[in-house]
Amino acid sequence: MKTCAHVTRSPLGPLFIAVEGAGVLLRLEFVKGRSLDELADLDATRGDELAWSERECAHVARELAEYFAGERREFGLACRPRGTAFQREVWTTLASIPYGATWSYGELAAKVGRAGASRAVGRANATNPISIVLPCHRVIGSDGSLTGYGGGLPAKRALLELEGALVAEPGAAGGQLSFTSVRPGSSARSSTGSSSAGRGAGRSSIASGSSSRAGSGARSSSGSGSAAAARRAASRR
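Take the sequence shown: its letter number 117 is residue 192 in my numbering, and every next letter is one higher.
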């Protein structure tokens, strides 16, 4: 199946977006130094033909900009994360954690109906392929510790401070994150980009027909030089 992808900037560094069909969100991940080729190969191993398209991912980037500007508390995006039935059950439940709230791993396990399986639920939470929108950052230790996060603990803390679930550390701005621009493999630099002004409501939903997929021999397609354009766009960020 064809997947469209784009790397968008965020206050916490570049984010990789992948959508399929009518803009259904498959992946939203922190780039964390990976190259565009590495990200494309990752989708190729999952059986996708990948095309770089900023336009096809624009609705996701717009809602993210609104969220980081403090103008959006719920995402209105259809999501189709790929994983096992158990993983998808955990990820679906993540969408129920309110903005500004946190759950412990034990609370998440209880909500999933697996009260004695906190570790298994924690592992599923750690493999969530749609960061921020399916808010795995809102799951913390029973003692209040942040524990781990795929985007790094500073990113997790920043997201929780933005949402008001944590008090900002002394000297931190808090409440709103300013944009930075980061190229994969490079350091951050200031950017004057502004966010969309929309305040859309709604809640992200898990699209029906989700399935666990693993493909081999799939290819990555750049499509009319779009991969090269994506690299140029990322280098400008």
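Where a beta carbon is used, it is the ideal one built from N, C-alpha and C, also for glycine.
Residues of its chain near residue 183, where Cβ-Cβ distance is below 6 angstroms and the 5 sequence neighbours each way are ignored: For residue 183, where only same-chain residues beyond five positions count, the Cβ hits under 6 angstroms are 196 and 214.
Tell me which same chain residues have a C-beta within less than 8 angstroms of the C-beta of residue 131, skipping the five on either side of it? 79, 81, 94 and 98
Min CB distance residue 155 to chain D below 8 angstroms: No chain D is part of this structure, which consists of one protein chain only.
Cβ-Cβ distance between residue 156 and residue 205 below 8 angstroms: yes
Leaving out five residues before and five after residue 91 in sequence, what residues of the same chain have Cβ atoms less than 6 angstroms from its Cβ? 82, 104, 106 and 114
Cβ separation of residue 171 and residue 180, assumed to be a contact under 8 angstroms, to the nearest whole Å: About 15 angstroms separates the two Cβ atoms, so there is no contact after all.
Between the beta-carbon of residue 235 and the beta-carbon of residue 177, is there less than 8 angstroms? yes
Can you give me the C-alpha to C-alpha distance between residue 199 and residue 169, rounded to a whole angstrom? 11 angstroms
Return the chain-ordered list of same chain residues with a C-beta closer than 6 angstroms to the C-beta of residue 175, the five sequence neighbours on each side being excluded. 238, 239 and 240
I need the boundaries of the alpha helix (DSSP H) containing residue 81, first residue and last residue. Unbroken run through residue 81 is the beta strand (DSSP E), 77–83; no alpha helix (DSSP H).
Quick check: the Cα distance between residue 232 and residue 222, rounded to an integer number of angstroms? 10 angstroms
In the structure shown, what three-state DSSP assignment does residue 150 receive? coil
Can you list, in chain order, the residues of its chain whose CB lies under 8 angstroms from that of residue 230, leaving out five sequence neighbours each side? 87, 88, 105, 212 and 224
Enumerate, from N- to C-terminal direction, the unbroken beta strand (DSSP E) stretches of 3 or more residues contained entirely within the stretch 202–247. DSSP runs (the beta strand (DSSP E)) wholly in the stretch 202–247: none.
Classification of residue 165 by the beta-carbon crowding that lies within 10 angstroms, buried from 16 upward: buried
Go ahead and pull the three-state DSSP assignment for residue 184. helix
Starting from residue 93, follow its DSSP beta bridges and name the residues at the other end. 80 and 102
Could you tell me if residue 242 is buried or exposed, where buried requires 16 or more neighbouring beta carbons within 10 angstroms of its beta carbon? exposed
Distance check for residue 217 and residue 149, CA to CA, integer angstroms please. 25 angstroms
Measuring only the C-alpha atoms, how far is residue 76 from residue 134? 20 angstroms
Check each candidate in 108, 112, 219 and 209 and name the one with the smallest Cα separation from residue 162. 209
Quick one: residues in its chain with C-beta nearer than 8 angstroms to the C-beta of residue 186, no 5 flanking neighbours on either side, listed in chain order? For residue 186, where only same-chain residues beyond five positions count, the Cβ hits under 8 angstroms are 168, 171 and 178.
So what does DSSP say about residue 113, is it helix, strand or coil? helix
Enumerate in chain order the residues of its own chain whose CB-to-CB distance from residue 142 is below 6 angstroms, with the five nearest sequence positions on each side excluded. none
So, is residue 201 buried or exposed, given that buried needs 16 or more other C-beta atoms within 10 angstroms? exposed
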